[in-house]
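These notes are about the structure you will find just below.
Number of protein chains: 2
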Amino acid sequence: MRIALDAMGGDHAPNPIVGGAIQALERDPELEVFLVGEESQLKKLVPADNPVVSRIHYHNATQVVGMDESPAIGLRRKPDNTITRSWQLLATGKVQGIVSAGNTGAMVAGGMFTRRFLPHVDRPGIATIMPTMRGPSIMLDVGANVHPKAEHLFQYGVMGEIFARHLLKKEKPTIGLMNVGAEEGKGNELVRLTQQMFASCELQGNFIGNIEGRDIHKGVADVIVTDGFVGNVILKVCEGLFEFIMKMVGKEVIGALDQEKEKGLGALHKLINTYDSSEFGGAPLLGIDGICIICHGSSGERAIKNALGLAARLARAGINKLIVDELERMPQITPPSTPSI
Amino acid sequence: MRIALDAMGGDHAPNPIVGGAIQALERDPELEVFLVGEESQLKKLVPADNPVVSRIHYHNATQVVGMDESPAIGLRRKPDNTITRSWQLLATGKVQGIVSAGNTGAMVAGGMFTRRFLPHVDRPGIATIMPTMRGPSIMLDVGANVHPKAEHLFQYGVMGEIFARHLLKKEKPTIGLMNVGAEEGKGNELVRLTQQMFASCELQGNFIGNIEGRDIHKGVADVIVTDGFVGNVILKVCEGLFEFIMKMVGKEVIGALDQEKEKGLGALHKLINTYDSSEFGGAPLLGIDGICIICHGSSGERAIKNALGLAARLARAGINKLIVDELERMPQITPPSTPSI
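As you go down the protein sequences, you meet chains A and B in turn.
The first sequence finishes on residue 451 if you use the working numbering, and the numbering steps up by one all the way, no holes.
The second sequence finishes on residue 451 if you use the working numbering, and the numbering steps up by one all the way, no holes.
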């Protein structure tokens with residue numbers, strides 16, 4: 111199992127990135143990691159006496175797309191950047207997957223430029239795992255595609271269903287469409303067209319129709335389908351609200367305790383660790399011919415370790431073959447024509 | 111100060127609705143409430159010996175639009191429903207404001223049908239107050255308008271700025287535009303056009319550009335401008351996540367305590383009360399010629415009491431005159447033409 115890791119991507123790169131790679135290698139004896147970045151700099155971060163060094167390869171890249179840089183400009187002006195070099199390793203088959211905590215837009219754009227999509231997939235989507243009262247759900251797209259068509263959302267549902275079935279081990283995953291109300295006819299044209307596509311396809315038994323924002327954490331749907339604009343906002347709102355509430359709980363609840371302050375604080379930190387974004391390591395970009403995991407810019411060692419683990423699991427599960435087979439089984443789905451209102 | 115209250119609107123109506131009205135009347139000696147609903151039924155809920163009864167009026171309405179009923183169908187098939195009757199009281203000047211915890215879509219549609227918008231306002235928007243690390247912010251629209259144009263979002267910003275200045279007492283409120291990234295050029299065409307309108311208007315000094323989902327609870331912007339689809343999803347995601355986290359804190363953090371379980375639980379409940387939606391009572395529908403407060407379907411006495419209080423505050427502050435004056439001062443803002451890409 112060979113995975114390329116953008117060693118220079120992320121707010122704190124390269125130290126925690128390389129550290130996470132070493133942890134992942136220690137955990138998975140079949141894993142080989144290609145560290146992409148300045149070879150001389152990266153070599154200094156790997157302890158020579160660690161037995162995993164034999165499974166670390168270096169792939170030189172002298173440039174880095176900045177975290178806030180325009181993806182298009184960054185990729186064009188810096189041809190030797192770590193993201194482009196990682197995608198090239200994937201495109202040439204030297205690795206089965208790539209992982210980066212660098213500029214998300216550049217990762218997505220890199221995929222668009224250098225790599226073909228899976229057959230029957232028109233646009234890849236970023237999938238993220240959401241904790242819920244009934245265990246993890248998967249939500250997509252969370253930012254790859256802010257102008258989707260109904261057929262894109264439909265394909266996200268198909269890919270998400272396969273992910274939920276094979277990776278989250280849900281027997282018959284339910285698919286919900288993010289909307290502003292549960293009733294049919296609600297929302298904008300995009301969701302109404304998408305709804306019609308799901309209702310008339312092989313997955314109609316999985317499709318539970320519209321869901322609302324408050325249904326996500328209740329675990330009403332195993333697969334939450336939404337456009338990249340809304341999904342990205344949801345993901346970041348959850349991040350911000352989680353942080354806000356945890357601070358308030360620390361101040362108001364733990365602060366109200368006397369003797370058991372420390373015990374409470376320990377439990378609170380444990381809870382924060384369970385639900386922080388490091389838990390799943392990163393978000394897969396589904397629909398790409400290869401495995402691609404996009405990590406949070408703030409990723410530390412644990413997130414990178416888990417992202418490499420997720421990449422390996424996806425590759426071993428043969429997720430892409432499952433997606434292509436499933437889409438092939440679907441009768442040619444075309445979006446219903448726009449109703450004239 | 112005369113406010114009409116839809117006594118039959120809400121999941122638990124009419125008992126907590128009438129109870130909330132009595133509390134509001136006890137708090138505000140200048141308030142008069144018109145209870146809209148079956149007069150005979152409502153009268154039984156008001157204790158005859160309470161001195162506030164002299165400030166309760168009844169306005170008979172024999173029908174109710176169901177909480178999950180299609181707003182258009184409900185309003186058409188039930189001409190004597192409480193929402194239509196409430197709007198009529200406002201339209202004829204018998205009351206200065208209306209409050210309902212009933213069907214949100216029907217409340218908005220009722221406003222569209224029976225009441226003129228304020229001059230210079232093309233579409234009303236629902237504004238909701240969000241708690242943040244720097245005190246309350248206002249977000250709009252959260253569901254009145256799921257197909258907005260750039261000029262609608264611009265008008266939401268102007269109305270929100272006035273609300274933040276006069277009701278939230280922010281000296282120079284900042285206005286942020288919800289987007290998928292902070293950099294200019296991010297997002298879809300709607301936000302790009304809206305951005306140009308803010309950047310070239312009198313409020314450009316207040317406008318801080320794009321904000322992301324995670325900025326909301328940090329309090330980065332006092333006014334968060336977004337379309338009704340995204341805003342509605344955000345609002346409900348926050349509701350669901352808040353409930354989810356509070357349950358987890360109860361289980362994992364309070365559950366880890368021994369002697370101080372009760373003390374911790376008390377502090378947790380206090381925290382939940384501070385941030386639950388009853389705190390502000392409801393969400394004003396801004397841009398309507400009159401005061402309109404839309405409450406959560408689950409509203410209890412406290413929410414209704416606070417919603418009536420908010421309606422009275424908005425009316426006393428003369429919010430609508432302030433909005434009209436401000437929009438009048440703006441040079442005629444027209445949306446920039448669509449760039450040909």
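Note that the Cβ used here is the ideal one computed from N, Cα and C, for glycine as well.
**OP:** Quick one: list the residues of chain B neighbouring lysine 280 of chain A, beta-carbon separation under 9 angstroms, in chain order.
**Re:** On the first sequence, position 170 is the one that residue 280 of chain A refers to. None at all; the shortest Cβ gap to chain B is about 19 angstroms.
**OP:** Verify whether the separation of the beta carbon atoms of proline 181 of chain A and glycine 129 of chain A is less than 8 angstroms.
**Re:** By one-based count along the first sequence, residue 181 of chain A stands at place 71. By one-based count along the first sequence, residue 129 of chain A stands at place 19. Not a contact, by the Cβ cut-off of 8 angstroms.
Original post:
Excluding sequence positions up to five away, which residues of its chain have a Cβ less than 7 angstroms from the Cβ of serine 210 of chain A?
Top reply: For the purposes of this step, residue 210 of chain A is identified with residue 100 of the first sequence, where counting begins at 1. The answer, listed in chain order, is Asp116, Gly119, Ile193, Ser196, Met217, Ile404, Cys405.
**OP:** Starting from leucine 367 of chain A, find everything on chain B with Cβ-Cβ shorter than 9 angstroms and list it in chain order.
**Re:** Stepping through the first sequence from its first residue, residue 367 of chain A is reached at position 257. Chain B residues near leucine 367 of chain A: Leu367, Glu370, Lys373, Gly374, Ala377.
Subject >> methionine 243 of chain B versus glycine 329 of chain B: straight-line alpha-carbon distance, rounded >> reply: Taking the first residue of the second sequence as position 1, residue 243 of chain B is located at position 133. Taking the first residue of the second sequence as position 1, residue 329 of chain B is located at position 219. Cα-Cα distance, rounded: 6 angstroms.
**OP:** Just the chain A side, please: which residues come within less than 7 angstroms of glycine 297 of chain B by C-beta, in chain order?
**Re:** Taking the first residue of the second sequence as position 1, residue 297 of chain B is located at position 187. Counting only Cβ-Cβ distances below 7 angstroms, glycine 297 of chain B has contacts in chain A at Val256, Phe339, in chain order.
Original post:
What's the gap between the Cα of glutamate 299 of chain B and the Cα of aspartate 337 of chain B?
Top reply: Locating residue 299 of chain B in the second sequence gives position 189, where the first residue counts as 1. Locating residue 337 of chain B in the second sequence gives position 227, where the first residue counts as 1. If you draw a straight line from the Cα of glutamate 299 of chain B to the Cα of aspartate 337 of chain B, it is about 12 angstroms long.
Subject >> Cut-off 7 angstroms between Cβ atoms - residues of its own chain near alanine 425 of chain A, not counting five sequence neighbours on either side >> reply: Here residue 425 of chain A refers to the residue found at position 315 of the first sequence. Answer for alanine 425 of chain A: Met111, Gln206, Gly207, Ile401, listed in chain order.
**OP:** Let me know the secondary structure DSSP gives histidine 169 of chain A once reduced to three states.
**Re:** Here residue 169 of chain A refers to the residue found at position 59 of the first sequence. Per DSSP, reduced to three states, the secondary structure at histidine 169 of chain A is strand.
**OP:** Give the residues of chain B in contact with phenylalanine 390 of chain A, contact being defined as C-beta atoms less than 7 angstroms apart.
**Re:** The residue given as residue 390 of chain A occupies position 280 in the first sequence. Within chain B, not a single residue places a beta-carbon under 7 angstroms from that of phenylalanine 390 of chain A; the smallest gap is close to 17 angstroms.
Original post:
Which bits of chain A does leucine 313 of chain B rub up against, with CB to CB less than 8 angstroms?
Top reply: Within the second sequence, numbered from 1, the residue matching residue 313 of chain B stands at position 203. Result: empty, since nearest Cβ-Cβ is about 23 angstroms, beyond 8 angstroms.
Subject >> Within chain B, partners of valine 268 of chain A - CB distance below 7 angstroms >> reply: In the first sequence, counting from the first residue as 1, residue 268 of chain A sits at position 158. Residues of chain B passing the Cβ test: none, with the nearest at roughly 22 angstroms.
Original post:
In whole angstroms, what is the alpha-carbon distance linking valine 301 of chain B and phenylalanine 227 of chain A?
Top reply: Within the second sequence, the letter at position 191 stands for residue 301 of chain B. Within the first sequence, the letter at position 117 stands for residue 227 of chain A. Approximately 29 angstroms between the Cα atoms of the pair.
Original post:
Quick one: does alanine 123 of chain A have its CB under 8 angstroms from some CB of chain B?
Top reply: Taking the first sequence and counting its residues from 1, the one referred to as residue 123 of chain A is at position 13. With respect to chain B, the C-beta atom of alanine 123 of chain A has no partner C-beta closer than 8 angstroms.
Subject >> DSSP beta-bridge partners of aspartate 116 of chain B >> reply: What you label residue 116 of chain B is simply residue 6 of the second sequence in a count that begins at 1. Secondary-structure assignment with DSSP links aspartate 116 of chain B through a beta bridge to B/Val146.
Original post:
CB-CB under 7 angstroms to leucine 432 of chain A, same chain, minus the five flanking residues each way: which ones, in chain order?
Top reply: Translated into the one-based positions of the first sequence, residue 432 of chain A becomes position 322. Ile272, His276, listed in sequence order.
Original post:
So, valine 143 of chain B versus leucine 152 of chain B, is the Cβ gap smaller than 8 angstroms?
Top reply: For the purposes of this step, residue 143 of chain B is taken as the residue at position 33 of the second sequence. For the purposes of this step, residue 152 of chain B is taken as the residue at position 42 of the second sequence. No. Outside cutoff.
Subject >> Short Cβ contact (8 angstroms threshold) for alanine 254 of chain B with isoleucine 239 of chain B >> reply: As a position in the second sequence, residue 254 of chain B is number 144, starting the count at 1. As a position in the second sequence, residue 239 of chain B is number 129, starting the count at 1. No. Outside cutoff.
Subject >> Among B/Thr224, B/Gly270, B/Ala366, B/Gln305, the one whose alpha carbon lies nearest that of leucine 378 of chain A >> reply: Mapped onto the first sequence, residue 378 of chain A falls at position 268. Of the residues B/Thr224, B/Gly270, B/Ala366, B/Gln305, the one whose Cα lies closest to the Cα of leucine 378 of chain A is B/Ala366.
**OP:** Flag this pair as touching only if the segment 283 to 291 of chain A and the segment 315 to 325 of chain A have three or more C-beta atom pairs under 8 angstroms; answer yes or no.
**Re:** Contact holds between the segment 283 to 291 of chain A and the segment 315 to 325 of chain A, because three or more Cβ pairs, one in each stretch, are under 8 angstroms apart.
**OP:** Starting from the C-beta of glutamate 294 of chain A, find all residues in its chain whose C-beta is less than 8 angstroms away, skip the five residues before and the five after it, and write them out in chain order.
**Re:** Position 184 of the first sequence, counting from 1, holds the residue named residue 294 of chain A. Here the set comprises Gln305, Gly319, Asn320.
**OP:** Put glycine 407 of chain A into one of helix, strand or coil per three-state DSSP.
**Re:** What you label residue 407 of chain A is simply residue 297 of the first sequence in a count that begins at 1. In the structure shown, glycine 407 of chain A sits in coil (DSSP, three-state: anything other than H, G, I, E or B).
Original post:
In the segment 174 to 198 of chain B, which residues sit with their C-beta less than 8 angstroms from some C-beta in chain D, listed in chain order?
Top reply: Of the protein chains in this structure, namely A and B, none is chain D.
Subject >> Beta carbon of alanine 233 of chain A nearer than 8 angstroms to that of glycine 341 of chain A >> reply: In the first sequence, the residue the question calls residue 233 of chain A occupies position 123. In the first sequence, the residue the question calls residue 341 of chain A occupies position 231. The identity of residue 233 of chain A in the sequence shown is arginine, whereas the question assumes alanine. No, the pair does not count as a contact, with Cβ atoms beyond the cut-off.
Original post:
Got a sec, what are the start and stop residues for the alpha helix (DSSP H) alanine 274 of chain A sits in?
Top reply: If you number the first sequence from 1, residue 274 of chain A lands on position 164. Boundaries of the alpha helix (DSSP H) around alanine 274 of chain A: 260 to 276.
Original post:
With respect to 7 angstroms, is the separation between the Cβ of arginine 137 of chain B and the closest non-hydrogen atom of the ligand MG below this value?
Top reply: Ligands displayed in this structure: none; no statement on the ligand MG is therefore possible.
Original post:
Going by Cα to Cα distance, which pick from B/Glu179, B/Val175, B/Asp159, B/Arg423 is closest to glycine 291 of chain A?
Top reply: Here the question's residue 291 of chain A lines up with position 181 in the first sequence. Here the closest residue by C-alpha is B/Glu179.
Original post:
For chain A, is any of its Cβ atoms less than 8 angstroms away from the one on methionine 288 of chain B?
Top reply: Locating residue 288 of chain B in the second sequence gives position 178, where the first residue counts as 1. Yes, its Cβ sits closer than 8 angstroms to a Cβ of chain A.
Original post:
Would a check of beta-carbon distances place serine 450 of chain A closer than 8 angstroms to chain B?
Top reply: Here residue 450 of chain A refers to the residue found at position 340 of the first sequence. Caution is warranted here: a pLDDT of 44 is assigned to serine 450 of chain A, below 50, making its placement in the model unreliable, and no coordinate value can be reported.
**OP:** Tell me, please, whether the CB atom of leucine 381 of chain A is closer than 8 angstroms to any CB atom in chain B?
**Re:** The residue labelled residue 381 of chain A in the question sits at position 271 within the first sequence. For leucine 381 of chain A, the answer is yes, since a Cβ of chain B falls inside 8 angstroms of its Cβ.
Original post:
glycine 235 of chain B by DSSP, collapsed to three states: which one?
Top reply: As a working note, residue 235 of chain B is residue 125 in the second sequence. In the structure shown, glycine 235 of chain B sits in a strand (DSSP, three-state: E or B).
Original post:
Taking just the CA atoms, how far does valine 156 of chain A sit from serine 150 of chain A?
Top reply: Position 40 of the first sequence, counted from the first residue, corresponds to residue 150 of chain A. Position 46 of the first sequence, counted from the first residue, corresponds to residue 156 of chain A. Between serine 150 of chain A and valine 156 of chain A, the alpha-carbon positions lie close to 11 angstroms from each other.
Original post:
What's the C-alpha gap between alanine 171 of chain A and arginine 324 of chain A?
Top reply: As a position in the first sequence, residue 171 of chain A is number 61, starting the count at 1. As a position in the first sequence, residue 324 of chain A is number 214, starting the count at 1. Taking the straight line joining both Cα atoms gives about 44 angstroms.
**OP:** Please compile the residues from chain A whose C-beta is within a distance smaller than 7 angstroms of the C-beta of lysine 455 of chain B.
**Re:** Residue 455 of chain B lies beyond the range of chain B shown here (111 to 451); nothing can be said about it.
Original post:
How would you write the range of the alpha helix (DSSP H) that glycine 207 of chain A sits in, first residue to last?
Top reply: Counting from one through the first sequence, the residue named residue 207 of chain A turns up at place 97. Counting along the chain, glycine 207 of chain A falls outside any alpha helix (DSSP H), though it belongs to the beta strand (DSSP E) covering 207 to 210.
Subject >> asparagine 213 of chain B: contacting residues in chain A (beta-carbon distance under 9 angstroms) >> reply: The count along the second sequence starts at 1 and reaches residue 213 of chain B at position 103. Those within 9 angstroms of asparagine 213 of chain B in chain A number zero; the least Cβ separation is about 10 angstroms.
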